[in-house]
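Student: Here the protein sequences come in this chain order: D and V. When we follow our numbering, the leftmost residue of the first sequence carries the number 9, and every step to the right adds one. When we follow our numbering, the leftmost residue of the second sequence carries the number 2, and every step to the right adds one. Sending over a structure as structure tokens; questions will come in a sec.
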Amino acid sequence: MTRILANRARVWLLGGLMAAAFVLSAPFATPAKAQSGDPIKVGFSMALTGALAGGGQQALLGIQLWAEDVNKSGGLLGRPVELVFYDDQTNPKNVPGIYSKLLDVDKVDLLLSGYGTNLAAPAMPIAIEREMVLMGLFAMDINTKWQYEKYFSILPAGPKPAEGFSQYWFDAVKQYNPKTIAVIAADAEFAQNLKKGAIVNAKKMGLDIVYEENYNPKTPDFTPIIRAANAKKPDLIYIASYPNGSTGLVRALAEVGTDAKAVGGGMVGLQFAGIMAGLGPMLNGILNYDFFVPEPTMNLYPGASELIGRYQAKVKAENLKVDALGYYLVPWSYANADVLGQAVKAVGSLDQDKIAEYIHNNEFTSVVGKIKFGDNGEWVQSRTIIVQYQGITNNDLDQFARAGTRKILAPADIKTGDLQSFNDLRK
Amino acid sequence: MATFIDLLLNALVVGILLGGFYAALSIGLSITFGLLDVVNIAHPTILILGAFVAFILNSQLGLDPILAGLIATPVFYGFGWVIYQLYYNSFEKSGETDSLRGLAFFFGLLFIIEVGLIIQFGVDHRLVEAPYIGDSANIVIGEEIDVAIPYRLLVAFVAALIATFAIQLYLTRTFFGRAVRAVAQDMMALRLMGVDPIKVKRIAFALGMATAGVGGALMIIVLPIEPSVGRLYIGNVFAIVVLGGLGSVKGTLYAAVIIGIAESIVATFFGPSWAPAVSFGILLLVLAVRPEGLFGKTAGAH
Chain D
9 MTRILANRAR
19 VWLLGGLMAA
29 AFVLSAPFAT
39 PAKAQSGDPI
49 KVGFSMALTG
59 ALAGGGQQAL
69 LGIQLWAEDV
79 NKSGGLLGRP
89 VELVFYDDQT
99 NPKNVPGIYS
109 KLLDVDKVDL
119 LLSGYGTNLA
129 APAMPIAIER
139 EMVLMGLFAM
149 DINTKWQYEK
159 YFSILPAGPK
169 PAEGFSQYWF
179 DAVKQYNPKT
189 IAVIAADAEF
199 AQNLKKGAIV
209 NAKKMGLDIV
219 YEENYNPKTP
229 DFTPIIRAAN
239 AKKPDLIYIA
249 SYPNGSTGLV
259 RALAEVGTDA
269 KAVGGGMVGL
279 QFAGIMAGLG
289 PMLNGILNYD
299 FFVPEPTMNL
309 YPGASELIGR
319 YQAKVKAENL
329 KVDALGYYLV
339 PWSYANADVL
349 GQAVKAVGSL
359 DQDKIAEYIH
369 NNEFTSVVGK
379 IKFGDNGEWV
389 QSRTIIVQYQ
399 GITNNDLDQF
409 ARAGTRKILA
419 PADIKTGDLQ
429 SFNDLRK
Chain V
2 MATFIDLLLN
12 ALVVGILLGG
22 FYAALSIGLS
32 ITFGLLDVVN
42 IAHPTILILG
52 AFVAFILNSQ
62 LGLDPILAGL
72 IATPVFYGFG
82 WVIYQLYYNS
92 FEKSGETDSL
102 RGLAFFFGLL
112 FIIEVGLIIQ
122 FGVDHRLVEA
132 PYIGDSANIV
142 IGEEIDVAIP
152 YRLLVAFVAA
162 LIATFAIQLY
172 LTRTFFGRAV
182 RAVAQDMMAL
192 RLMGVDPIKV
202 KRIAFALGMA
212 TAGVGGALMI
222 IVLPIEPSVG
232 RLYIGNVFAI
242 VVLGGLGSVK
252 GTLYAAVIIG
262 IAESIVATFF
272 GPSWAPAVSF
282 GILLLVLAVR
292 PEGLFGKTAG
302 AH
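Spelled out as structure tokens, the structure:
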């Protein structure tokens, strides 16, 4: 009897393990219908679990909304679109295997990258070897080393993304006539690229870099880092961080304080609904990058608000456990697939050389406005925006869906607020 | 010079508090792994489960996260009871005490809990609200020294201290606590004394698991939580338990404080990217000199 029980327990455990393994590794496919012929398969990895999943899940929904729209309007080349994707678990080590499988086993026709530099960069060697077009999603400056002519980046950071990303941040803080800066960055590809660009911009402004340190992503408490930076009395603190670090640094700034006039820069995660609501008033004064916020001047992206509305309605109706707002990634992941789709339609085939040539030579209009790629696959013009968190009094999520909590300070043509010093906004 | 003293004092204070936080995460493991020799690799993920319980009670009912953790403690005790019984029936009962099998069991448990959390809550980072998060007590000495004590770390430290003290008292001063230590030393002798070692182990394992209620609450007070974040801390909690000495609860606290201070000092004076290397370097050094850990019993003592 006891033996039977022990065996049952093992069977149960094995079942659980298999279920877990299935959930974690099974390919997901969006069914395609209504069109005739074999579907065109679009393959990608996505951070559906792990540290970047807060962004990855909304990015996926953006791509799914694109596939829905394409299939409704007759598909690509008269064939339905089918998405084939795997969870990379925010682990770059999983990415090469996923892309090999997508190409060799799933036989996908088109490739998109996963979300973020760390997950997009490992897909590059495979795309290059197979001569596939690769559309990068929020990947920071990954083509400088490769110079791959079939890589295109959906990251509005300009032709030199590492520098373009922080350019407007440095423009915005010029009014303080700063002399010194502290630079804090995560030990990760994205943050390191961003740091390099920020240092170039800082040197152009003649700033003295008084503190420059990297932190391990596992760091649980950031007060010693803020203390050490403060000891150098910087006028500015530029931070390039991932969600865990961003949250820890914002809390440490609330606890330790700083005399720096401007703090922030490249803090990923502060755009995610859950983190914004969780940090609430602690965000006041942070000066950070963003790509799309609900400010009135952001109507330069026709269709983006409508798309976000569809996303939010879908999340609510289907009770999806994803970012409730979707401002940060949905329009961009949609545009990433949309550019590729428009190019396929225009060239009338899946020939990767022709698709790449078309993308290089043409300007695209998508839900994030007009997009033109340069020779290195980056945007010819930066459209990163700089926002300052202002007037946040509680932890209510709805306030972040309205104008006013993230004022746009740069670029000047869509400005909705004026820069205030970090401490003035925290009184 | 004043700046140096200011930084040093702050680094020491934060290091001690951070050590308390690490101790709170590791103390359950020091019972299950240190005393019972059960390689519970799922411990950090069970802490995440505790963190989610604190999150729900905090966001839905407005309960203080620590209070939520205390409320959850009996539930985690029951959970530990069930898990040990399952582990016992699957492996120990038939004499299969091979630690690799146990590792596979708890690795499976880790995945099941993680996937369950993802299905139920999604993958977004979660934070809790409490008056002591984002604020600190400042002790000002003279004009240039200002020691900031972040309340969230202070809360974690005090909770860890109380938990360590209570568990240490329980293990050394009560009959049952001594039985737990006896089971770690010689199970056969305990059986000959007429005590059921499985019952003792089950309760001790459940006790270790029960600490995940408050430990998880402390985790979400200090860090943002998402279902997979526990994996990041597997190495740290095992390192602390081994450094403290297997089977020594107070050793776990001391080891955690040593690691906390080392990380804080290194982060302040030498750069934060060196902090993890230094803490694992300390572990290697200590193990080279004292393979049984700081407070562990030598093999001869068993």
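Built from N, CA and C at the ideal position, the CB exists for glycine as well. Because the structure is a prediction, the values reported are computed rather than measured.
Let me make sure I understand the geometry here. Which of D:Lys212, D:Gln360, D:Gln175 has the alpha-carbon closest to that of D:Met140?
Tutor: D:Gln360
Student: How far does the alpha helix (DSSP H) with V:Phe56 in it extend, from its first residue to its last?
Tutor: 44 to 62
Student: Please check the pair D:Leu244 and D:Ala260, which I expect to be a contact at CB under 8 Å, by giving their CB distance rounded to whole angstroms.
Tutor: About 17 Å; that fails the 8 Å criterion.
Student: Helix, strand or coil: which one does DSSP assign to V:Pro273?
Tutor: helix
Student: What is the DSSP secondary structure of D:Lys41, counted as helix, strand or coil?
Tutor: In this predicted model, D:Lys41 has a pLDDT of only 47, less than 50, meaning its place in the structure is not dependable; the value taken from the coordinates is given anyway. Three-state result, D:Lys41: coil.
Student: So that I know if they touch, is there some Cβ in chain V lying closer than 9 Å to that of D:Ala264?
Tutor: Note that residue 264 of chain D is Val in the sequence shown here, rather than Ala. Chain V contact via Cβ: present.
Student: Along chain D, in chain order, which residues have C-beta atoms closer than 7 Å to that of V:His44?
Tutor: Result: empty, since nearest Cβ-Cβ is about 16 Å, beyond 7 Å.
Student: Answer with yes or no whether the minimum CB distance from V:Val184 to chain D is below 9 Å.
Tutor: no
Student: Would you kindly report the start and end of the unbroken beta strand (DSSP E) that includes D:Ile106?
Tutor: Not the beta strand (DSSP E): D:Ile106 falls in the alpha helix (DSSP H), residues 102 to 112.
Student: Under 9 Å, do D:Leu328 and D:Ala409 count as touching if we go by C-beta distance?
Tutor: no
Student: Would a check of beta-carbon distances place D:Ala29 closer than 9 Å to chain V?
Tutor: Because the pLDDT at D:Ala29 is just 45, under 50, the model does not fix this residue reliably, and the point stays unresolved.
Student: Residues bridged to D:Gly374 by DSSP?
Tutor: Here residue 374 of chain D is Ser; the residue named in the question, Gly, does not match the sequence. DSSP output for D:Ser374 lists D:Gly377 as bridge partner(s).
Student: Distance cutoff 9 Å, beta carbons only. Does V:Leu154 sit that close to anything in chain D?
Tutor: Yes, because at least one Cβ of chain D sits closer than 9 Å to the Cβ of V:Leu154.
Student: Helix, strand or coil for D:Ser81, going by three-state DSSP, please let me know.
Tutor: coil
Student: Of the choices D:Ile207, D:Ser429, D:Glu263, whose alpha-carbon is the least far from that of V:Leu155?
Tutor: When C-alpha distances from V:Leu155 are compared across D:Ile207, D:Ser429, D:Glu263, the shortest belongs to D:Glu263.
Student: From which residue to which residue does the alpha helix (DSSP H) around D:Val338 run?
Tutor: 338 to 355
Student: Is it the case that the Cβ atoms of D:Leu110 and D:Phe52 are separated by a distance below 9 Å?
Tutor: yes
Student: Between which two residues does the beta strand (DSSP E) carrying D:Leu91 extend?
Tutor: 89 to 95
Student: So is D:Thr413 buried or exposed if we call it buried at 16+ other beta carbons inside 10 Å?
Tutor: buried
Student: If you measure from the beta carbon of V:Asn237 to each beta carbon in chain D, is any gap under 9 Å?
Tutor: So yes, V:Asn237 belongs to the interface.
Student: Using only the alpha-carbon positions, how far apart do V:Gly70 and V:Pro151 sit?
Tutor: 20 Å
Student: Return the residues of the segment 272 to 287 of chain V that lie within a Cβ-Cβ distance of less than 8 Å from chain D, sorted by chain order.
Tutor: Gly272, Pro273, Ser274, Ala276, Pro277
Student: Using 9 Å as the threshold, is the C-beta distance between V:Val40 and V:Gly79 below it?
Tutor: At a Cβ-Cβ threshold of 9 Å, V:Val40 and V:Gly79 do not count as neighbours.
Student: Look at D:Asp149 and D:Glu386 and say whether their C-beta atoms are less than 9 Å apart.
Tutor: Yes, they are a contact pair.
Student: Compare the C-beta of D:Glu221 against all C-beta atoms of chain V and say whether one is closer than 9 Å.
Tutor: yes
Student: Can you grab the Cα-Cα spacing for the pair V:Val14 / D:Asn403, in whole Å?
Tutor: 30 Å
Student: Measure the alpha-carbon distance for D:Glu197 versus V:Leu285 and round it to whole angstroms.
Tutor: Taking C-alpha positions only, D:Glu197 is separated from V:Leu285 by approximately 29 Å.
Student: Taking 9 Å as the CB-CB cut-off, is D:Lys329 touching chain V?
Tutor: Yes, D:Lys329 lies at the interface with chain V (some Cβ there is under 9 Å from its Cβ).
Student: Leaving out five residues on either side along the sequence, give the residues of the same chain with a beta carbon under 6 Å from the beta carbon of D:Asn222.
Tutor: Ala193, Asp195
Student: When DSSP labels each residue in this structure, what does D:Asp404 get in the three-state scheme?
Tutor: coil
Student: I need the straight-line Cα distance from V:Val129 to D:Val323, nearest angstrom please.
Tutor: 23 Å
Student: Looking at the secondary structure, which residues open and close the alpha helix (DSSP H) in which V:Val243 lies?
Tutor: It spans 235 to 245 - the alpha helix (DSSP H) in which V:Val243 sits, taken as one unbroken run.
Student: Assign D:Asn431 to one of three DSSP states: helix, strand, or coil.
Tutor: Look at D:Asn431 here: in three-state DSSP terms it is coil, with no helix or strand label.
Student: Starting from the Cα of V:Ile222, find the closest Cα among V:His126, V:Leu36, V:Val76 and give me that residue.
Tutor: Residue nearest to V:Ile222 within the set V:His126, V:Leu36, V:Val76 is V:His126 (criterion: CA-CA distance).
Student: When DSSP labels each residue in this structure, what does V:Phe158 get in the three-state scheme?
Tutor: helix
Student: With 16 other CB atoms within 10 Å as the buried threshold, where does V:Lys202 fall?
Tutor: V:Lys202 should be labelled buried.
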